[in-house]
Amino acid sequence: MTSYPTPLLAGLALAALLSACAAPQPAQGPTRPAGGHGLDAFLGSYDADRDGQVTRAEFDAIRLQRFKSADTNGDGVLSEAEYVAEYEGRLKRQYFDQGRQPDKAYENNIKQAHVRYAIVNRARDGKFTWAEDQAIADKTFKALDTNGDGVVSKADPQRTPEQRRQANN
Ligand SMILES: [Ca+2]
Ligand SMILES: [Ca+2]
Ligand SMILES: [Ca+2]
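In our numbering, each residue's number is its place in the sequence shown (first place is 1) plus 1.
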């Protein structure tokens with residue numbers, strides 16, 4: 002049996018309910034499921050209701066959905082193979098939607114997914130947990146919500162790569 006933290010699920014369900022009341026049109030899902038870099042890619046990957054902003058609830062709901070679908074053996078943690086397979090599934094869909102054949106960039110993206118796994122699975126124990134994912138989600142979301150209003154949108158001034166480098170030093 003896999004157990005995910007139920008208060009989080011309840012919170013997500015509530016958030017989904019609230020946003021469904023606020024926005025009568027049905028959610029259409031993200032435009033760019035396999036993502037990429039930058040604010041546009043982030044909005045494309047996580048703005049499920051396509052209102053131009055990503056709430057923390059939207060971000061968490063999609064991450065949880067990905068985590069659960071990636072956990073094919075249902076043990077509650079992601080192995081490297083599970084993590085990469087889930088990413089590859091999304092990448093395949095994106096290529097299919099764009100009518101593209103797998104190319105050099107595709108192979109590089111898969112290689113990058115292996116590199117990412119090594120980074121996210123800090124303990125190097127082959128068990129990437131939902132708690133580890135949430136810690137990364139916190140950092141990612143805060144880094145993009147530069148105006149600190151709790152949502153990520155085009156209203157958040159993005160740092161240039163140069164500024165980002167300086168901030169990291
Ligand atoms: Ca949204
Ligand atoms: Ca697993
Ligand atoms: Ca913001």
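All residues carry an ideal CB built from backbone N, CA and C; glycine is no exception. In this text the structure is predicted, and so the values were computed from the model without any measurement.
In whole angstroms, what is the alpha-carbon distance linking residue i and residue j?
| i | j | result |
| --- | --- | --- |
| residue 32 | residue 45 | 5 Å |
| residue 41 | residue 154 | 9 Å |
| residue 20 | residue 125 | Low per-residue confidence applies at residue 20: pLDDT is 49, beneath 50, and the placement is therefore not dependable enough to give any value. |
| residue 160 | residue 43 | 15 Å |
| residue 133 | residue 121 | 7 Å |
| residue 152 | residue 107 | 31 Å |
Can you round the beta-carbon distance between residue i and residue j to whole angstroms, since I take them to be within the 8 Å contact cut?
| i | j | result |
| --- | --- | --- |
| residue 68 | residue 142 | Contact flag wrong, Cβ pair sits at about 16 Å. |
| residue 162 | residue 148 | Rounded, the Cβ-Cβ distance is 19 Å, inconsistent with contact. |
| residue 79 | residue 71 | 5 Å |
| residue 84 | residue 63 | Rounded, the Cβ-Cβ distance is 15 Å, inconsistent with contact. |
How far does the alpha helix (DSSP H) with residue i in it reach, from first residue to last?
| i | result |
| --- | --- |
| residue 113 | 105-121 |
Is residue i near ligand 2 - that is, is its Cβ less than 7 Å away from at least one heavy atom of it?
| i | result |
| --- | --- |
| residue 83 | yes |
| residue 70 | no |
Flag residue i as yes when its Cβ comes closer than 7 Å to any non-hydrogen atom of ligand 3, and as no otherwise.
| i | result |
| --- | --- |
| residue 46 | no |
Which stretch, first to last residue, makes up the beta strand (DSSP E) that contains residue i?
| i | result |
| --- | --- |
| residue 154 | 152-154 |
**Prompt:** Does the region 47-62 come within contact of the region 95-112, defined as at least 3 CB pairs closer than 8 Å?
**Reply:** no
**contact_flag[the region 73-88, the region 111-128] where n(CB pairs < 8 Å) is 3 or more** = The region 73-88 and the region 111-128 touch, with no fewer than 3 CB-CB distances between them shorter than 8 Å.
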